[in-house]
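Each residue of the sequence shown is one higher than the last, beginning at 17 in this note's numbering.
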Amino acid sequence: MGLEQYDIVLHNEVRRDKRLPAPACGCFSSGNPGRVLPRSDLRENSGRLLGEWLNLSQAFILADAGYDVWLGNTRGSTYSKEHVSLQSTDNEFWDFSWHESGVYDLPAMIDYVLSTTSQSNLYYIGHSMGTTMFYVMASMRPEYNAKIRAQFSLAPVAFMSNLKSPVIRLMSTFEDTLEILMKMIGMHEFLPNSEFLTLVGGVFCNDDAITQQLCDNILFLLCGYDQDQLNTTALPVLLGHIPAGASTNQMVHYAQGVNSVFLHWSDNDLMADPKDVRELNGKLPNVKGSIRVPYAAFNHLDYMWAIDGKTLVYDTVLENMKKY
């Protein structure tokens, strides 16, 4: 069984700030107990959520459970680089951060899904910066709280005082210098996706490459070591979708009345440290569950890529979704 068993529909829209996002992808299944909007971190796009390994993909796990799944693309990512008057080579195009994503983009996605499906609310599943965007929206656009049936935060990033990723910590040390340097050389897109990166992933990260371990270790430095859950066979294809580009401002910027929230966290997450998640838990008024992934080595990327992700994370998510 493959993609042919799913009805996948593309939708286009123009946002208030005149951006033309990539088509939203609606993955429909027969049961439709509710609409789900999954959002991932700042460098990634809907292609990563859709994936090619149906048994591992978040979108297909949800669709198989009968949910109507909608996938959006973060502004500036590979599939979301259109604008009414600007080009992606223009400096002004990249003048945004997660604040704009939470205040403008996410509300626009929610409104579009609800309007298209004639529904009044949906489930939101955020990972990494996808959770940050949600908390910005909940704070700055509180009227959207009523449109969320329940929110599931996977590796939530709201506080970062205990962040352990050596790469991000090094960047934060030179935050101002990094921003100035990137602007001086006209580099406004951070980690762009390109044919070159896709080729590199296919050549150096495939199963037969002696350099595959190097690819693994770069990811582990960012997010935490977990060799057993990394699908190395899928790595070349995944690198074809990420990095997907992000505003430099987002990476620099990256250094309350929310509806029902479930926090999912793990001990080996170098970006969403358990101490920071506990701080978030203490500040949110309506947390229905703080759930530790029952696998000690689970890292920041495992929520999206782990071989046993369905068993370790999504079965619990689906069980709690049934309650709302």
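Cβ atoms here follow ideal geometry from the backbone N, Cα and C, with glycine treated the same way. Just so we're clear, the structure is a prediction, and the values are computed from it rather than from any experiment.
Rounded to the nearest angstrom, the Cβ distance from PRO172 to LEU296 is 6 angstroms, consistent with a contact under 8 angstroms. Under the three-state reduction of DSSP output, PHE278 falls in the strand class. Judged by DSSP secondary structure, TYR128 falls within the alpha helix (DSSP H) whose first and last residues are 122 to 133. Below 8 angstroms, enough C-beta pairs join the segment 306 to 321 and the segment 276 to 292 to call them touching: three or more. Here the alpha carbons of TRP86 and VAL129 stand approximately 7 angstroms from one another. One alpha carbon belongs to ASP324, the other to VAL152, and they sit about 31 angstroms apart.
Residue burial annotation: ASN315 is buried, with at least 16 other C-beta atoms found within 10 angstroms of its C-beta. For ARG294, the uninterrupted alpha helix (DSSP H) segment begins and ends at 290 to 299.
The three-state secondary structure of HIS143, taken from DSSP, is strand. In the DSSP assignment, LEU138 forms a beta bridge with ILE164. Residue range 331 to 337 is occupied by the alpha helix (DSSP H) that includes ASP331. Shown here for ILE77: same chain residues with a beta carbon closer than 6 angstroms to its own, the five before and five after excluded, namely LYS326 and TYR330 in chain order. Each of ALA154, PRO290 and LEU300 was checked against the Cα of GLU116, and the nearest Cα belongs to ALA154.
Taking the C-beta atoms as reference points, TYR139 is found nearer than 9 angstroms to VAL52. For VAL119, the three-state secondary structure derived from DSSP is helix. With a beta-carbon spacing of about 4 angstroms, ALA166 and TYR340 fall inside the 8 angstroms limit used to define contacts. The C-beta separation of PHE150 from LEU122 comes to about 7 angstroms, placing the pair in contact by the 8 angstroms criterion. Residue environment for GLY305: exposed (fewer than 16 other C-beta atoms within 10 angstroms of its C-beta).
Annotation for ILE77: the continuous alpha helix (DSSP H) segment containing it runs 74 to 80. Minimum Cα-Cα distance from LEU300 among the listed residues ILE164, VAL277 and SER73 corresponds to VAL277. Residue ALA174 holds the alpha-carbon nearest to the alpha-carbon of PRO290 among GLY118, TYR83, MET337 and ALA174.
Taking the C-beta atoms as reference points, ILE141 is found nearer than 9 angstroms to VAL333. Listed in chain order, the non-local C-beta contacts of GLY118 below 6 angstroms within the same chain comprise MET149, VAL152 and MET153, local neighbours out to five positions each way being set aside.
According to the DSSP assignment, ASP283 belongs to no beta strand (DSSP E), since it is labelled neither H nor E. Inter-residue distance for TYR319 and LEU286 is about 13 angstroms (C-alpha atoms, whole angstroms).
With contacts defined as CB atoms closer than 9 angstroms, PHE168 and ASN336 qualify as a contacting pair.
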